[in-house]
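Top to bottom, those sequences are chains A and B.
Using my numbering, the letters of the first sequence correspond one by one to residues 1 to 111.
Using my numbering, the letters of the second sequence correspond one by one to residues 1001 to 1111.
All residues carry an ideal CB built from backbone N, CA and C; glycine is no exception.
Protein chains: 2
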Amino acid sequence: MKPVDHLITLQPPYYAVVFTSIRREGDNIDYSEMADRMRALASEQPGFLGFESARQDIGISISYWESLDDIRAWKENVSHRQAQERADDWYRSYRVRICRVEREYGSSITS
Amino acid sequence: MKPVDHLITLQPPYYAVVFTSIRREGDNIDYSEMADRMRALASEQPGFLGFESARQDIGISISYWESLDDIRAWKENVSHRQAQERADDWYRSYRVRICRVEREYGSSITS
Chain A
1 MKPVDHLITL
11 QPPYYAVVFT
21 SIRREGDNID
31 YSEMADRMRA
41 LASEQPGFLG
51 FESARQDIGI
61 SISYWESLDD
71 IRAWKENVSH
81 RQAQERADDW
91 YRSYRVRICR
101 VEREYGSSIT
111 S
Chain B
1001 MKPVDHLITL
1011 QPPYYAVVFT
1021 SIRREGDNID
1031 YSEMADRMRA
1041 LASEQPGFLG
1051 FESARQDIGI
1061 SISYWESLDD
1071 IRAWKENVSH
1081 RQAQERADDW
1091 YRSYRVRICR
1101 VEREYGSSIT
1111 S
């Protein structure tokens, strides 16, 4: 993956799915393959606006969407459902938050 | 900091401030002192519900709040404002998203 050199910038209102997680111990050899595949697949879905993530003690992944219907459709996607069914193989704990983004602002140094 | 062994679990509706950022190059020696101090101070504010963060290529920090008024009050906090004024010393780029959390679910393996 190439280094991230910019943050996603969007125009509210839109929606965000905030996925927090704690990984299980051990290798979970097919985890990163699945994570990459799901990220690629999500980006092809209608209404997909972007994806950002970081993992340290916990993982935080955020996908951005145009509407709640788009989020629902992605949740029901067959390949995504297969991945969801294996969640307990990969995560000791996870939370999903469906959020409406009401305001957004920021700053960027152009060097 | 002790290892995180659980994720924050809350009852919607409530609000989240999602702060994404890319750090500047270099040491920024007072950055982590400031970050720790702001996190401690936030947790003392009315309406504060929790804080979660991770940094890899980008940083994602989320604070959870009872209401938009609580978020506004924290934004106007004098020490917090002093930190905000120095944001460009620490971050090459940052975004702030004010979100209403509408739904939340998850799973936890109790071992």
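Where do the N-terminal and C-terminal ends of the alpha helix (DSSP H) with residue i fall, by residue?
| i | result |
| --- | --- |
| isoleucine 71 of chain A | 68-76 |
| glutamate 33 of chain A | 31-42 |
| aspartate 1088 of chain B | 1087-1090 |
For residue i and chain B, any beta-carbon pair shorter than 9 Å?
| i | result |
| --- | --- |
| glutamine 56 of chain A | yes |
| arginine 100 of chain A | yes |
| glutamate 104 of chain A | yes |
| serine 32 of chain A | no |
| isoleucine 29 of chain A | no |
| serine 63 of chain A | no |
Which residues mark the beginning and the end of the beta strand (DSSP E) in which residue i is found?
| i | result |
| --- | --- |
| serine 53 of chain A | 48-55 |
| arginine 23 of chain A | 14-23 |
| glycine 59 of chain A | 59-65 |
To the nearest whole angstrom, what separates the beta carbons of residue i and residue j, a pair I think is in contact under 8 Å?
| i | j | result |
| --- | --- | --- |
| tyrosine 91 of chain A | serine 21 of chain A | 5 Å |
| alanine 16 of chain A | isoleucine 62 of chain A | 5 Å |
| asparagine 1028 of chain B | aspartate 1089 of chain B | 7 Å |
Would you call the CB atoms of residue i and residue j closer than 9 Å?
| i | j | result |
| --- | --- | --- |
| serine 107 of chain A | isoleucine 1109 of chain B | no |
| arginine 97 of chain A | proline 13 of chain A | no |
| leucine 10 of chain A | glutamate 85 of chain A | no |
| proline 1046 of chain B | alanine 1083 of chain B | no |
| histidine 1006 of chain B | methionine 1038 of chain B | no |
| isoleucine 1060 of chain B | isoleucine 60 of chain A | yes |
| arginine 24 of chain A | arginine 55 of chain A | no |
| leucine 1049 of chain B | glutamate 1076 of chain B | no |
| valine 18 of chain A | valine 1004 of chain B | no |
Is the shortest distance between the beta-carbon of residue i and the beta-carbons of chain A less than 9 Å?
| i | result |
| --- | --- |
| glutamate 1052 of chain B | yes |
| aspartate 1005 of chain B | yes |
| glycine 1059 of chain B | yes |
| serine 1067 of chain B | no |
| arginine 1086 of chain B | no |
| arginine 1092 of chain B | yes |
| valine 1096 of chain B | yes |
| alanine 1016 of chain B | yes |
| arginine 1024 of chain B | yes |
| serine 1079 of chain B | no |
| serine 1043 of chain B | no |
| proline 1046 of chain B | no |
Mind checking whether the beta-carbon of residue i lies closer than 8 Å to any heavy atom of the ligand PLP?
| i | result |
| --- | --- |
| arginine 1097 of chain B | As far as ligands go, the structure on display features none, and thus does not contain the ligand PLP. |
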